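In what follows, a single structure is set out as structure tokens and then discussed.
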Amino acid sequence: MTAHRTFEDLVAEGVAVPTEGWDFSWFEGRATEARPSWGYARSAAGRLARAGAVLDIQTGGGEALDFALGWAEPARPVLVAATEGWPPNVAKATALLRPRGVVVVAAPGDAPLPFADEAFDLVLSRHPVRPHWDEIARVLRPGSSYFAQHVGPASVFELVEYFLGPQPQEVRGARDPERERADAEAAGLEVAGLRAERLRMEFHDIAAVVHFLRKVVWMVPGFTVEAYEPQLRSLHERIEKEGPFVAHSARHLFDVRKPEREPEGRPGGWHGG
Numbered sequence: 012m013t014a015h016r017t018f019e020d021l022v023a024e025g026v027a028v029p030t031e032g033w034d035f036s037w038f039e040g041r042a043t044e045a046r047p048s049w050g051y052a053r054s055a056a057g058r059l060a061r062a063g064a065v066l067d068i069q070t071g072g073g074e075a076l077d078f079a080l081g082w083a084e085p086a087r088p089v090l091v092a093a094t095e096g097w098p099p100n101v102a103k104a105t106a107l108l109r110p111r112g113v114v115v116v117a118a119p120g121d122a123p124l125p126f127a128d129e130a131f132d133l134v135l136s137r138h139p140v141r142p143h144w145d146e147i148a149r150v151l152r153p154g155s156s157y158f159a160q161h162v163g164p165a166s167v168f169e170l171v172e173y174f175l176g177p178q179p180q181e182v183r184g185a186r187d188p189e190r191e192r193a194d195a196e197a198a199g200l201e202v203a204g205l206r207a208e209r210l211r212m213e214f215h216d217i218a219a220v221v222h223f224l225r226k227v228v229w230m231v232p233g234f235t236v237e238a239y240e241p242q243l244r245s246l247h248e249r250i251e252k253e254g255p256f257v258a259h260s261a262r263h264l265f266d267v268r269k270p271e272r273e274p275e276g277r278p279g280g281w282h283g284g
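Here the sequence shown stands for residues 12 to 284, numbered as in my numbering.
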């Protein structure tokens, strides 16, 4: 229970928690988020067990990949690599994944993937900032797949707009799954499956709000406690009086395949008898 604690105590606690990686266990008892029905990590584990060479893009602290590899044991790919662009997460992912034989490569999320053409028969990603479909298509072998859980449009925007005010439609509509489907197809990929869900979130105290906005930095860009102290204090009082602040996350699951290469060398012309 934290209701008796002061605003200052709770804010200080939210500020003190490290933000590296994508381990959200600190939120236990202070915030909740419903999980998508498809169970991304376990579904990814089934695919890992059948793959030979795997790449996990924007792995964060490596938590989702580590979980999936654990579920895939004893069957596992011969080669597993991961990319990450934020240096603290590179260090965290390396420490977590090295014992599993995973090579973690420091690579900015908006840069070309540092791998050869057709190097992988499975590419994974959980919550990439933006999918670079041309690069995904390039590193996939023909007949192989990209399996990923993306953040959807207007995710947690109840909280975003509490701090920033109403957002324009082009911002609210970013990360639209149908637009991403069109971009994937434009890169020559085939979308075999696309599912989307909106999921209830609850923030039970202001420490959870502070830590969430420090950790998920694109929600309220440039967020600091000092810059948003009045809004934080008002929200703290609202939670104390009315109960948890409710928002909704948006998630969609992509199952995308690179077509088999067309047979080469069939001569043109007349083939009649």
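Every residue, glycine too, gets a C-beta built ideally from N, C-alpha and C. Only a predicted model underlies this, so the values are computations on that prediction, with no experimental measurement involved.
Annotation: aspartate 194 is outside any beta strand (DSSP E); the continuous alpha helix (DSSP H) that includes it extends over 188–197. Within a 10 Å sphere around the beta-carbon of aspartate 67 sit 16 or more other beta-carbons, which makes this residue buried.
Secondary structure in the segment 133–206: the alpha helix (DSSP H) runs of 4 residues or longer, each lying completely within the stretch, are 144–150, 168–175, 180–183, 188–197 in chain order. Rounded to the nearest angstrom, the Cβ distance from glycine 32 to glycine 72 is 2 Å, consistent with a contact under 8 Å. Taking arginine 183 as the centre and dropping the five residues before and after it, the same chain places the C-beta of Pro164, Ala165, Phe168 closer than 7 Å to its C-beta, in chain order. In the DSSP assignment, aspartate 77 falls within the alpha helix (DSSP H) that extends over 74–83. Cβ-Cβ separation between valine 134 and alanine 195: approximately 12 Å, too far for a contact (criterion under 8 Å). Note: alanine 52 is not bridge-paired with any residue in the DSSP secondary-structure output. Counting only the Cα atoms, arginine 137 lies some 17 Å from leucine 151. By the criterion of a C-beta distance shorter than 7 Å, valine 114 is surrounded in its chain by Ala92, once the five residues flanking it on both sides are discounted. Annotation: tyrosine 157 to tryptophan 229 spans about 24 Å, alpha carbon to alpha carbon. For the pair of segments examined, the segment 81–100 was found to touch the segment 114–124: the number of CB pairs separated by less than 8 Å reaches three. Here methionine 212 has Glu44, Ala258, Ser260 as same chain residues with Cβ atoms under 6 Å from its own Cβ, once five neighbours each way along the sequence are excluded. In the three-state reduction of the DSSP assignment, glutamate 237 falls in the coil class. As a beta-bridge residue in DSSP terms, arginine 211 pairs with His259.
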